[in-house]
Structures are given as C-alpha cells and as structure tokens.
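Okay, so here's the structure we're looking at.
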Amino acid sequence: MNSGWALPKKAFQWIEENIPTGSNIVELGSGHGSIRLSEKYNVWSIEHDETWLNISSGTYIHAEIVPFSVNGEKGLWYNAEKIKNALPDEYALLIIDGPPSTIGRNGILAYQELFNWNCYILVDDTHRVEDKFIADELSSQKSLNQKYFTEYFEQNGTNREFIILSPR
C-alpha cells in the first residue's frame with residue numbers, strides 16, 4: 000500500500016499539538032493514518048472501499064459511492080444515508096481526505112448538514128485545485144480562518160499541501 004496516501008507528517012504534528020488526546024475525530028477516507036490517529040483519539044472513519052475498513056481500532060462507517068444530485072450539484076460521493084445519524088454529536092476535528100480524487104470530494108459541499116462545523120477542519124491535498132476549492136468554499140460559507148501548510152514529499156519530489164480551517 001502506498002504510504003504517500005497517508006496524511007503529511009506536518010498534519011499529524013498539527014493534530015497532536017492542537018487536538019487533545021482522547022478527543023473525537025471524524026475522517027472522510029481511511030488509510031494508514033487512521034491507525035496512527037486511533038492510537039490517541041476516538042476516530043470515526045467514513046470509507047467506501049472494503050479494503051480499508053477496520054484497519055484500525057476506530058469506528059468505521061461503510062458508505063459506498065453513489066450518484067448524488069442536491070441543489071443543482073451533481074456527482075459521486077459517499078452514500079449520505081449511511082452517514083446520517085452515525086457520527087458523534089461533537090468532535091474536535093473533521094478530516095476531509097476522501098473519497099479519492101478520481102471520484103471527487105465536492106459532495107461534502109452538497110451534504111453539509113451531515114456534519115458538525117463547530118470544530119477544526121483539515122482539508123488534505125489542497126495542492127489540487129478541486130480540494131483547494133472545497134477549503135475556500137467552506138471557509139467562505141462558514142466564516143472560517145484558513146491556515147496553509149506545505150510539506151515536501153520525498154518519494155516523488157512534489158509538495159503536499161493541506162489547510163486547517165478554524166472558527167474566527
């Protein structure tokens with residue numbers, strides 16, 4: 000499995016410095032990083048790919064990818080019915096790192112009512128236009144601050160970027 004799919008090292012560093020141990024974390028997309036997160040946090044992972052289910056001690060929500068059409072937005076995203084009522088009421092961090100870019104992540108903008116936005120939000124892969132757009136839209140719609148992070152990824156010589164959104 001490709002360790003390049005895990006969150007950047009700086010993301011883990013930020014989480015460990017800013018999110019108290021034992022806090023609830025919700026992540027869209029599961030992977031190697033889920034194992035590390037579940038060592039210190041209560042993690043709920045929303046995942047479509049059975050390969051990545053139950054790889055950590057966290058709670059998994061298997062939500063297959065389905066077409067959606069909400070308020071003029073169309074695309075593919077997690078089955079919202081599987082997510083509804085499956086998440087904790089409160090969490091300290093929401094990580095947007097799924098579904099894969101080949102599917103697209105803009106469904107989160109169409110299904111905002113599923114999530115608690117009174118927390119930190121980590122949007123991974125913001126070096127990609129589509130993911131940066133999601134961070135910008137959420138920041139604008141929810142009046143959130145943005146903090147940018149860049150990390151050089153040695154395996155392929157590119158920069159990995161992520162953004163932390165926080166209440167103003």
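Just so you know, we're using numbering that gives the first Met the number 0 here: the sequence shown kicks off at 0 and counts up by one. Idealized CB from N, CA, C, for every residue including glycine.
Counting beta carbon pairs with one atom in the stretch 8-22 and one in the stretch 53-67, are three or more of them shorter than 8 angstroms? no
Nearest candidate by alpha-carbon position, reference Leu113, set Leu143, Glu89, Lys39: Glu89
Considering only C-alpha positions, which residue in the set Ile120, Glu72, Asp96 is nearest to Leu108?
Glu72
*Tyr59 versus Leu164, Ile34, Val69, residue with shortest Cα-Cα distance*: Ile34
Between Ala134 and Ile162, what straight-line distance do the alpha-carbon atoms span, to the nearest angstrom?
-> 7 angstroms
State buried or exposed for Glu46, treating a residue as buried only when at least 16 other CB atoms are found within 10 Å of its CB.
buried
Three-state class that DSSP yields for Leu27 in the structure shown = strand
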